[in-house]
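Novice: Here the sequence shown is numbered in this note's numbering, starting from 45 and rising by one per residue. C-beta: ideal position from N, C-alpha, C; glycine also.
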Amino acid sequence: MTAPDLPRNCDDCPIRHRAVCARCETDELARLEEIKYYRSYEAGQTIVWSGDRMEFVGSVVKGVASLTQAMEDGRTQMVGLLLPSDFVGRPGRETAAYDVVATTGVVMCCFRKKPFEDMMLRTPHIAQRLLEMTLDELDAAREWMLVLGRKTAREKIASLLSIIARRDVTLNLGKAAGPMEFDLPLTREAMADYLGLTLETVSRQINALKRDGVIDLTGKRHVTVPDFDRLAEEAGDDSDGGMLS
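1) With L111 as the anchor, note down where its beta strand (DSSP E) starts and where it stops.
2) Looking at the strands, I want to know which residues DSSP matches up with G124.
3) So the beta strand (DSSP E) H266 belongs to, where does it begin and stop?
4) Thinking M98 and K157 are a contact (beta carbons under 8 angstroms), I'd like their distance in whole angstroms, please.
5) Tell me the rounded alpha-carbon separation between A279 and R198.
6) Judging by CA-CA distance, which residue of R265, I207, L230, R67 is the nearest neighbour of Q172?
7) Put L253 into one of helix, strand or coil per three-state DSSP.
8) Verify whether the separation of the beta carbon atoms of A109 and V150 is less than 8 angstroms.
9) Under the DSSP definition of a beta bridge, which residues are partnered with G3?
10) Could you check the C-alpha separation between A276 and R265 for me, to the nearest Å?
11) Is it the case that the Cβ atoms of A146 and G88 are separated by a distance below 8 angstroms?
12) Should S103 and D130 be called a contact, given that it needs their Cβ atoms to be closer than 8 angstroms?
13) Please go through the same chain and pick out, in chain order, the residues whose beta-carbon is closer than 6 angstroms to the beta-carbon of T245, but skip the five residues on each side of it.
14) Does the Cβ of Y238 have 16 or more other Cβ atoms within 10 Å, making it buried, or fewer, making it exposed?
15) Helix, strand or coil for T178 per DSSP?
16) So, under 8 angstroms CB-CB, M224 and A202 are touching, yes? Tell me the CB distance rounded to an integer number of Å.
17) How many angstroms separate the CA atom of N251 from the CA atom of Y142?
18) With H, G and I counted as helix, E and B as strand and the rest as coil, what does DSSP make of D260?
19) Please tell me whether V144 and L111 are closer than 8 angstroms, where the distance is taken between their beta carbons.
20) Rank K106, H61, R62 by C-alpha distance to the C-alpha of Y82 and give the top, closest one.
21) From what residue to what residue does the alpha helix (DSSP H) around D273 run?
Here it is, written out as structure tokens:
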């Protein structure tokens with residue numbers, strides 16, 4: 045998202061209806077505008093390192109970022125994804141808990157941390173929405189434990205595709221049903237890392253889903269889902285289920 049493509053105000057923002065400011069009134073949005081700025085990151089660039097002091101909180105406007113945790117032996121594990129409208133940072137906490145790395149090009153809507161924390165105390169709409177988002181994130185983490193621990197490789201791939209499809213259609217104010225199209229924001233290598241699979245297994249299962257007519261691919265990233273209910277069944281969910289809505 046280049047500078048001319050950035051939202052001119054909150055009403056033009058593509059994540060306005062899902063972000064932390066979703067329930068804010070006009071005067072509240074005006075106060076947020078005073079402490080807001082945009083920041084862009086290239087794919088592979090670190091947004092914040094674990095343990096670093098965070099001077100901002102904010103929402104992903106465009107792109108995808110990963111949350112990773114480093115282990116004592118130097119290995120890293122991807123523990124979460126941040127999709128458009130997801131919140132970065134924790135009010136009341138001084139440092140970052142995870143490395144946050146841009147998986148694709150990312151645009152962040154950032155708020156200066158201390159003024160945002162002050163606004164939370166005076167603006168119930170922000171505090172309530174952030175609580176809802178935090179509880180949704182907790183539910184998603186619990187569901188993801190099921191995906192990683194109990195589902196087959198095919199179900200894991202289908203689950204990840206259904207998460208991304210559902211979020212994409214929700215951001216566009218649509219409904220997760222019937223045919224759907226979206227661009228896959230992750231490489232197959234990143235999918236393998238996130239799902240705890242090998243690259244060969246990811247490629248094999250994606251090709252199998254394509255061969256069976258569950259998905260269609262244009263190039264490596266553009267995914268068409270002829271029938272979302274069937275994809276949900278492949279994931280072991282119903283069409284209203286899943287980790288992210």
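Specialist: So, from the listed chains and residues:
1) For the purposes of this step, residue 111 is identified with residue 67 of the sequence shown, where counting begins at 1. Note, L111: beta strand (DSSP E), 109-114.
2) By 1-based counting over the sequence shown, the position of residue 124 is 80. G124 pairs with L111.
3) Looking up residue 266 in the sequence shown gives position 222. Taken as a continuous stretch (DSSP letters only), the beta strand (DSSP E) holding H266 covers 266-269.
4) Residue 98 sits at position 54 when you count from the first residue of the sequence shown. Residue 157 sits at position 113 when you count from the first residue of the sequence shown. 6 angstroms between Cβ atoms; contact.
5) Here residue 279 refers to the residue found at position 235 of the sequence shown. Here residue 198 refers to the residue found at position 154 of the sequence shown. When rounded, the separation of the alpha-carbon atoms in A279 and R198 is 8 angstroms.
6) Within the sequence shown, numbered from 1, the residue matching residue 172 stands at position 128. The candidate whose alpha carbon is nearest that of Q172 is R67.
7) Looking up residue 253 in the sequence shown gives position 209. It is helical.
8) As a first step, residue 109 is located in the sequence shown; it is residue number 65 there, counting from the start. As a first step, residue 150 is located in the sequence shown; it is residue number 106 there, counting from the start. Against a cut-off of 8 angstroms, the Cβ pair of V150 and A109 comes out as a contact.
9) Outside the displayed range of the chain (45 to 289) lies residue 3, so it cannot be described from this structure.
10) Start at 1 with the first residue of the sequence shown, and residue 276 comes out as number 232. Start at 1 with the first residue of the sequence shown, and residue 265 comes out as number 221. Looking at the two C-alpha atoms, the distance is approximately 19 angstroms.
11) As a first step, residue 146 is located in the sequence shown; it is residue number 102 there, counting from the start. As a first step, residue 88 is located in the sequence shown; it is residue number 44 there, counting from the start. At the C-beta level, A146 and G88 come within 8 angstroms of one another.
12) Within the sequence shown, residue 103 is the residue found at index 59, counting from 1. Within the sequence shown, residue 130 is the residue found at index 86, counting from 1. The answer is yes: Cβ separation under 8 angstroms.
13) Taking the first residue of the sequence shown as 1, we reach residue 245 at position 201. Correct list, in chain order: A197.
14) For the purposes of this step, residue 238 is identified with residue 194 of the sequence shown, where counting begins at 1. Label assigned to Y238: buried.
15) Residue mapping note: residue 178 aligns to position 134 of the sequence shown, counting from 1. Three-state result, T178: helix.
16) Numbered from 1 along the sequence shown, position 180 holds the residue referred to as residue 224. Numbered from 1 along the sequence shown, position 158 holds the residue referred to as residue 202. M224 to A202, Cβ: 13 angstroms. No contact.
17) Residue numbering aside, residue 251 sits at position 207 when the sequence shown is read from its first letter. Residue numbering aside, residue 142 sits at position 98 when the sequence shown is read from its first letter. Straight-line Cα distance between these residues: approximately 33 angstroms.
18) Counting from one through the sequence shown, the residue named residue 260 turns up at place 216. In this structure, D260 counts as strand in the three-state DSSP scheme.
19) For this step, residue 144 is matched to residue 100 along the sequence shown. For this step, residue 111 is matched to residue 67 along the sequence shown. The beta carbons of V144 and L111 sit closer together than 8 angstroms.
20) What you label residue 82 is simply residue 38 of the sequence shown in a count that begins at 1. The shortest C-alpha separation from Y82 is found at K106.
21) Against the sequence shown, residue 273 aligns to sequence position 229. Bounds of the alpha helix (DSSP H) holding D273 are 272-278.
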